[in-house]
Each structure stands twice: as structure tokens, then as C-alpha cells.
Amino acid sequence: MQYASFVQVKILDRNDSPPSFTEFHTEYTISEDVPVGTLVAKVKAVDPDLPGIIAYSLVAGDEGKFTLESSTGNLKLKDTLDREQKDRYRVQVRASDGVQSADVVLTILKTVLYWDVN
Ligand SMILES: [Ca+2]
Ligand SMILES: [Ca+2]
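The following block contains the structure:
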């Protein structure tokens, strides 16, 4: 039946297009005294193909300090920063559709709290 095969073709979508990031900033700031588990950044990517399921991962630069939830794109603090000498981290985040991927680099700036001494 020609009609039946036409319907089948309609519902199939080849996963042939890469995902692209729609929500991210190149810079985020985080106070050095925030607790482990604090949300540092949130990224979002979309895939033009169906069903368009994206998995997020950290591919470089986290140095054990950050963790990225693969399903949500939430970048969270994994270890405290207050004893670290570094004041910036550059983390490379990847969005993958299982076939193709896209990367962005986020800069995380650590800010130090200053108290007014009057
Ligand atoms: Ca497609
Ligand atoms: Ca795709």
C-alpha cells in the first residue's frame, strides 16, 4: 500500500543535524564561599531532529570542581573553591545527540568576598 509506506517515511527523521546551544553565557561568577551543590550555570541546547534528546557532558577544564547533569545541563559545584589559588576556570561543555555534538567554553570567575573595615 503506497499510502502506508508514505506515512512511515513521514514519521522517521534521520538524526543528521547537530545540536546547537540556545542558552549559555560565556562568563559566570561564583562566590568562593558557596557550598558544594550550588548551581553555577545552566546551559541548554536543542536538536533539530526528532526526538532531539540531548546529553550534556564536561569534556575539559573542570579539574574536579564542577559536575554537569547530563539530562538538565545544570553545572554545579562539586568541591569547594575557597582554598584554591585559581580565580577562573574554563570548562568545555558538550551537547550530544548521540551522533553529533556541539561544544561551548564557559569561563567561571571566582569572586572573593570583601568586608568593609570601618
Ligand atoms: Ca533530521
Ligand atoms: Ca541531531
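Here the numbering used here is used: the first residue of the sequence shown is 3, the next is one more, and so on. We put the CB at the ideal spot given by N, CA and C, even for glycine. Keep in mind that this is a model prediction, so the values were computed, not measured.
Output needed for residue i: all residues of its chain with C-beta closer than 8 Å, excluding positions within five of it in sequence on either side, in chain order.
i     : result
Ser2  : Past the edges of the chain, shown from 3 to 120, lies residue 2, and the structure says nothing about it.
Ile55 : Asp49, Asp99, Gly100
By the 10 Å Cβ neighbour count, where 16 or more other Cβ atoms means buried, how is residue i classified, buried or exposed?
i     : result
Arg96 : buried
Ser98 : buried
Val42 : buried
Asp64 : buried
Sorry if obvious, but does the Cβ on residue i come closer than 7 Å to a heavy atom of ligand 1?
i      : result
Ser103 : no
Asp99  : no
Taking 7 Å as the cut-off, is the CB of residue i close to at least one heavy atom of ligand 2?
i     : result
Asp84 : no
Pro53 : no
Ser19 : yes
For residue i, which three-state DSSP category applies?
i     : result
Ile55 : coil
Asp35 : coil
Using a Cβ-Cβ cutoff of less than 7 Å, which residues in the same chain neighbour residue i once the five nearest sequence positions on both sides are dropped?
i     : result
Thr69 : Lys78, Lys80
*For the 8 Å Cβ check, are there 3 or more pairs between the region 21-39 and the region 105-115?*
They touch, by the three-pair rule.
_Inter-stretch contact (C-beta, 8 Å, three-pair minimum) for the region 48-68 and the region 16-23_ = yes
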